[in-house]
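In the UniProt record's numbering, the protein residues as written are 1 to 105.
What follows is the structure, given as structure tokens:
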């Protein structure tokens, strides 16, 4: 049996498959590498391409900016937080001046 490179993900209690994708603290979306997808039983559950978190951020930022009202932007951002917290916080930290008034009003 091949040993996992990451002790945490090889733990029997670490979520795998759809359970992992439903956990916003652990879900990286399309940023999971091919090896991670295999190890974490995500093959077939994600699109067949890998995007870095930076690439995801650029795509999400464009999607947020096309929202026409602050409320629409807030709803979009909270939806992102419910799916992928790491990406949400990366976006907010990198674009703090733009999103602070939306999140904290």
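Backbone N, C-alpha and C fix where the C-beta goes; we use that ideal spot for every residue, glycine too. Keep in mind the model is a prediction, meaning the values are calculated, not measured.
Check	Outcome
Simplified DSSP state of residue 101, which is helix, strand or coil	helix
Contact under 8 Å by Cβ, residue 90 with residue 27	no
Classification of residue 66 by the beta-carbon crowding that lies within 10 angstroms, buried from 16 upward	exposed
DSSP-derived helix/strand/coil call for residue 38	helix
Per-residue burial, residue 49 [other beta carbons within 10 Å of its own, 16 or more giving buried]	exposed
Cα-Cα separation between residue 77 and residue 93, rounded to whole angstroms	13 Å
Other residues of its chain near residue 60: CB distance less than 8 Å, five sequence neighbours each side excluded	80, 87, 91
Cut-off 8 Å between Cβ atoms - residues of its own chain near residue 52, not counting five sequence neighbours on either side	31
Distance cut-off 7 Å: residue 22 Cβ against heavy atoms of the ligand SAH	The ligand SAH is not part of the structure shown, which contains no ligands of any sort.
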